[in-house]
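Undergrad: Below is one structure. I have some questions about it.
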Amino acid sequence: MRLKDKVAIVTGTGRGIGWTTAIELACEGADVAVTSIMEDKESIEKLAQEIRLLNRRAIPIICDVSDEDSVVAMVQEVVGSFGKIDILVNNAGIAGPVANVVDMDLAGWNKTLAVNLTGTMLCSREVLKQMIPDKSGAIINIASNVGRRGLAMRTPYVCSKWAQIGFTQTLAREVAKHNIRVNSVCPGAVAGERIKFFIGTRANSLGISYEEAYRQVEAEALLGRMVTPKEIAAAVVFLASDASSGITGQSLNVCGGTVFS
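Residue numbers for the sequence shown follow our numbering, so the first one is 860 and each next one is one higher.
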């Protein structure tokens, strides 16, 4: 087990990448705090139970990562329950508005940045207060390959992901002296329920069928398919483990060959 007796926090674990990552961390020996917003309460309670069935400790915590008090309380609960924090996975995020900038709603813009970017900062800040005295830790931010290339009609989301990559590089420089590594994973299109809405939006905007839009998204990747949540989780496990002990400040594309830088 690559993460035996490590303690991890994974935010945004109600479904998809977050859920799968929490399970994979537990399979590698980690105890896991799984967090999400109130509407995912039943889901994260079920996830915590599944982790316990793997003979690992788990606690579900309701947390709005864009709210400072909520994040502070969440980290305090994890430390109170597990005594330490070794790994933070900043996965919580929202898709944000789908609109051209000329039609952009300010509230939607602000909310997207608050969750995706400010949430990453707040969780990292509070966890670092535990990691720095311990002189050890790994922070993994779930960014996106659109944070490297842009995407029309997705400006708030794209900007938040570009910023997460910049945050990763900057924070890595700040905390390397404390033996803390900070990296990002940049997924491409991920198979699952969430992508269906955006394929539908693409189909409508281009005047094509859903099936054709789906094929276009798959064709953007050299592998000719979308990536899976488990493939993203595998990258997170690698970056959280000693196998990546020489890696920090990097953003790892897991996108099937959609981008190269």
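Backbone N, C-alpha and C define an ideal beta-carbon position, used for all residues, glycine too.
Can you list, in chain order, the residues of its chain whose CB lies under 8 Å from that of E1052, leaving out five sequence neighbours each side?
TA: These residues qualify, in order along the chain: R874, G875.
Undergrad: Considering just the uninterrupted stretch of the beta strand (DSSP E) at G996, what are its terminal residues?
TA: It spans 996-1001 - the beta strand (DSSP E) in which G996 sits, taken as one unbroken run.
Undergrad: Which residues mark the beginning and the end of the beta strand (DSSP E) in which N949 is found?
TA: Start and end: 946-949.
Undergrad: Is there contact between the segment 895-907 and the segment 1101-1113, where contact requires at least three CB pairs shorter than 8 Å?
TA: Cβ pair count under 8 Å is below three, so no.
Undergrad: Go ahead and label P1046 buried or exposed: buried means 16 or more other beta carbons lie within 10 angstroms of its beta carbon, across all protein chains shown.
TA: P1046 is buried by the Cβ-count criterion.
Undergrad: Is it the case that the segment 877-887 contacts the segment 1076-1092, given that we only count it when at least three CB pairs across the two stretches are under 8 Å?
TA: With a cut-off of 8 Å, the segment 877-887 and the segment 1076-1092 count as touching, because enough Cβ pairs lie within range.
Undergrad: If you measure between the beta carbons of I946 and L1098, is that distance less than 7 Å?
TA: For I946 and L1098, no; Cβs fall outside 7 Å.
Undergrad: Please name the residue in T1029, V1049, K1055, F1056 whose C-alpha comes closest to that of S1043.
TA: That would be T1029, whose Cα lies nearest to the Cα of S1043.
Undergrad: Since I868 sits in a beta bridge, which residues does DSSP pair it with?
TA: Answer by DSSP bridge pairing, in chain order: A892, L947.
Undergrad: Where does the unbroken alpha helix (DSSP H) through L972 begin, and where does it stop?
TA: First-last of the alpha helix (DSSP H) with L972: 965-972.
Undergrad: Counting beta carbon pairs with one atom in the segment 913-925 and one in the segment 1010-1025, are three or more of them shorter than 8 Å?
TA: The answer is no - the segment 913-925 does not touch the segment 1010-1025, with fewer than three Cβ pairs under 8 Å.
Undergrad: Could you tell me if E1070 is buried or exposed, where buried requires 16 or more neighbouring beta carbons within 10 angstroms of its beta carbon?
TA: With fewer than 16 other Cβ atoms within 10 Å, it is exposed.
Undergrad: Is A907 near V937, with beta carbons less than 7 Å apart?
TA: Going by C-beta atoms, A907 is not nearer than 7 Å to V937.
Undergrad: Could you check where the alpha helix (DSSP H) with L1030 kicks off and where it finishes?
TA: Segment 1014-1034, the alpha helix (DSSP H) holding L1030.
Undergrad: Using alpha carbons as the reference points, say which of V961, S1003, S940 lies closest to G1115.
TA: Here the closest residue by C-alpha is S1003.
Undergrad: Mind checking which residues open and close the beta strand (DSSP E) that includes I918?
TA: Per DSSP, I918 belongs to the beta strand (DSSP E) from 917-921.
Undergrad: Excluding the five sequence neighbours on either side, which residues of its own chain have a C-beta within less than 6 Å of the C-beta of R1008, listed in chain order?
TA: Contacts found: V1118.
Undergrad: Determine the direct distance from the alpha carbon of I1054 to that of N949, and round the result to whole angstroms.
TA: Going by the C-alpha atoms only, they are around 20 Å apart.
Undergrad: Could you spell out where the beta strand (DSSP E) holding P1046 opens and where it closes?
TA: That run of the beta strand (DSSP E) goes 1039-1046.
Undergrad: With distances taken Cα to Cα, identify the nearest neighbour of V869 among Q1075, S983, K863, Y1016.
TA: If we check each option's Cα against that of V869, S983 comes out closest.
Undergrad: Can you tell me which of S1064, N1063, V1049, E887 puts its alpha carbon nearest to the alpha carbon of E830?
TA: It is not possible to answer for residue 830, since the shown part of the chain is limited to 860 through 1120.
Undergrad: What residue range is occupied by the uninterrupted alpha helix (DSSP H) comprising V931?
TA: Counting along the chain, the alpha helix (DSSP H) containing V931 begins and ends at 927-941.
Undergrad: Rounded to whole angstroms, what's the CA-CA distance from L981 to S925? Just pull it up for me.
TA: In a straight line, the C-alpha of L981 is about 8 Å away from that of S925.
Undergrad: Taking 7 Å as the cut-off, decide whether the C-beta atoms of I910 and A885 are in contact.
TA: For I910 and A885, yes; Cβs fall inside 7 Å.
Undergrad: Under three-state DSSP, which class holds N1063?
TA: Residue state, collapsed to three classes: helix.
Undergrad: Could you please give the first and the last residue of the uninterrupted alpha helix (DSSP H) stretch that includes S902?
TA: Start and end: 900-911.
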